[in-house]
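Protein chains in written order, with our numbering: chain F, 17 to 237; chain W, 17 to 237.
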């Protein structure tokens with residue numbers, strides 16, 4: 017079994033993050049690499065979704081994952097064990113990644129994938145404040161968290177282009193209003209795209225894979 | 017129906033938070049008020065647990081709640097509608113509360129309760145970095161989030177005296193290892209107390225209420 021590579025990244029307080037993000041986005045465009053910045057609460061199922069997504073994308077796109085966490089390498093190891101190209105980024109206690117920290121990870125994992133997913137630190141507040149240079153921000157909201165989250169975490173939903181509602185298989189056990197979550201999310205960002213999926217049953221995973229393939233093609237052409 | 021009071025608090029960058037926290041703790045001791053700093057991921061069920069707790073404590077302790085959120089007043093309104101004394105604190109975009117922001121909330125809600133609960137911003141990273149002046153830090157981990165959270169969010173579990181595992185009624189639908197979560201949490205803090213509850217079925221709520229009554233009595237005597 018391969019052991020996961022752990023990268024310790026550092027934040028520079030002197031740099032202009034917006035400028036760094038624009039530089040990185042430009043470079044990604046030239047390298048024909050689509051960077052997906054995946055954000056959510058802790059425990060919403062980011063890694064499990066990525067496992068299902070990697071399976072659905074097999075043979076269609078070359079995908080790699082950068083797992084960002086304050087500590088541990090459990091998620092990157094899980095992906096690696098399942099055959100998904102991945103590295104672990106440690107943020108040195110930081111609650112988010114900025115564009116230069118993201119670049120440090122990309123230099124390690126390389127630019128030869130069509131799709132690189134940055135699994136940001138589990139946090140609905142701080143990651144939304146920093147442009148990572150990503151081609152797209154995708155937010156996960158799991159059914160057990162409740163449909164009111166777009167009301168409480170405005171910036172996360174304003175900066176997110178694609179919202180994926182996960183764990184829809186447990187909908188019968190929770191008071192989750194699917195209509196309301198769409199209404200609240202669109203209030204924050206009228207252009208937001210919304211998909212409902214379950215990584216457990218596989219429902220909606222192919223739709224998500226197809227949507228990402230379309231976006232990656234647009235980016236790399 | 018009463019409308020909830022919303023307090024906009026501001027962080028001062030010039031103040032010494034540790035000193036403020038010690039001052040506040042000393043004052044709370046003199047006022048015979050126990051301040052519980054409640055932290056968790058977004059959507060772990062803090063407000064629902066507080067509703068169940070308020071019911072269990074009725075007639076035994078005078079309890080009030082300060083709800084902190086970046087936006088919205090849904091939680092404070094829910095509590096107020098259920099007859100629980102509560103105010104809403106808005107953090108102006110901040111991902112956590114510090115001791116002086118907590119003091120501003122306390123000045124509004126007053127010091128005449130035995131137990132004041134500060135429902136911190138839903139976030140497993142930043143709130144752990146700031147001493148609010150609380151008598152006790154309590155962290156909620158809900159079953160759907162998974163048992164690996166103490167591995168990924170070390171500081172939250174190191175600074176937490178009481179860990180409450182919530183939503184145990186949905187245990188059959190998730191791969192949650194109760195033994196492992198205890199092992200991982202104790203690795204972060206060997207002195208941590210751990211309770212398992214369900215606000216939905218009521219399981220464990222009386223144990224939590226009894227434990228808090230005991231701690232409040234110790235504080236106020």
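The beta-carbon is built from N, C-alpha and C at its ideal position, and this holds for glycine as well.
By the neighbour-count definition (other C-beta atoms within 10 Å, threshold 16), residue 80 of chain W is a buried residue. Using a Cβ-Cβ cut-off of 8 Å, residue 86 of chain F counts as an interface residue toward chain W, since at least one Cβ of chain W sits closer than that to its own. Taking a cut-off of 8 Å for Cβ pairs, the segment 137 to 145 of chain W and the segment 110 to 127 of chain W touch, as three or more such pairs fall below it. Nearest to residue 36 of chain F by C-alpha distance, out of F:100, F:99, F:119 and F:23, is F:119.
Taking a cut-off of 8 Å on C-beta distances, the segment 149 to 166 of chain F touches the segment 43 to 51 of chain F, as three or more cross pairs fall below it. Between residue 156 of chain F and the set F:117, F:228, F:129 and F:58, the nearest pair of CA atoms involves F:58.
Under the DSSP definition of a beta bridge, residue 210 of chain F partners with F:179. Pairing residue 177 of chain W with residue 63 of chain W, the inter-Cα distance amounts to about 20 Å. Using beta-carbon distances, residue 164 of chain F counts as an interface residue toward chain W, with a partner under 8 Å. With fewer than 16 other beta carbons inside 10 angstroms of its own, residue 34 of chain W counts as exposed.
Residue 24 of chain W counts as exposed, since fewer than 16 other C-beta atoms from the protein chains shown sit within 10 angstroms of its C-beta. Its Cα nearest to that of residue 86 of chain W, the residue F:171 stands out among F:130, F:106, F:22 and F:171.
Contact check for residue 201 of chain W against residue 179 of chain W passes: the beta carbons are separated by less than 8 Å. Of the residues assessed, residue 218 of chain F falls on the exposed side of the cut-off, its CB having fewer than 16 other CB atoms within 10 angstroms. Listed along chain W, the residues sitting closer than 7 Å to residue 169 of chain F by beta-carbon distance are 58 and 86. For the pair residue 182 of chain W and residue 162 of chain W, the Cα-to-Cα distance works out to about 11 Å. Within the segment 136 to 156 of chain W, those residues whose Cβ lies closer than 9 Å to any Cβ of chain F are, in chain order, 137, 138, 139, 140, 141, 142 and 145. For residue 230 of chain W, the enclosing alpha helix (DSSP H) begins and ends at 221 to 236. Interface annotation, residue 90 of chain F: in contact with chain W, CB-CB separation under 8 Å. Taking a Cβ-Cβ threshold of 9 Å, the residues of chain F close to residue 160 of chain W are 59, 60, 61, 158, 159, 160, 161, 183, 186 and 190, in chain order. Rounded to the nearest angstrom, the gap between the Cα atoms of residue 55 of chain W and residue 83 of chain W is 11 Å. Considering only F:73, F:211, F:67 and F:42, the residue with the shortest C-alpha distance to residue 98 of chain F is F:67.
Its chain contains 68, 72 and 213 as the residues whose beta carbon lies nearer than 6 Å to that of residue 221 of chain W, once the 5 sequence neighbours on both sides are disregarded; these appear in chain order. Its chain contains 190 as the residues whose beta carbon lies nearer than 6 Å to that of residue 160 of chain F, once the 5 sequence neighbours on both sides are disregarded; these appear in chain order. Residue 81 of chain W carries a strand assignment under DSSP once its states are collapsed to helix, strand and coil. Going by beta carbons, residue 137 of chain W and residue 166 of chain W fall outside the 8 Å limit. Comparing C-alpha distances from residue 105 of chain F to each of F:134, F:78 and F:128 shows the shortest one belongs to F:134. Per the coordinates, the alpha-carbon of residue 145 of chain F lies some 36 Å from the alpha-carbon of residue 195 of chain W. Residue contact with chain F for residue 111 of chain W: present (Cβ-Cβ distance below 8 Å to some residue of chain F). Selection F:174, F:206 and F:22 evaluated against residue 96 of chain F yields F:22 as nearest (Cα-Cα).
With fewer than 16 neighbouring CB atoms inside 10 Å of its own CB, residue 233 of chain F falls in the exposed class. The three-state reading of DSSP puts residue 159 of chain W in helix, counting H, G and I together. Here DSSP, grouped into helix, strand and coil, assigns residue 33 of chain W to helix. Taken atom to atom, the span from the alpha-carbon of residue 102 of chain W to that of residue 168 of chain W is near 32 Å. If only uninterrupted beta strand (DSSP E) runs of at least 3 residues are considered, those enclosed by the segment 40 to 65 of chain F are 50 to 55. In this structure, the beta-carbon distance from residue 224 of chain W to residue 211 of chain W falls below 8 Å.
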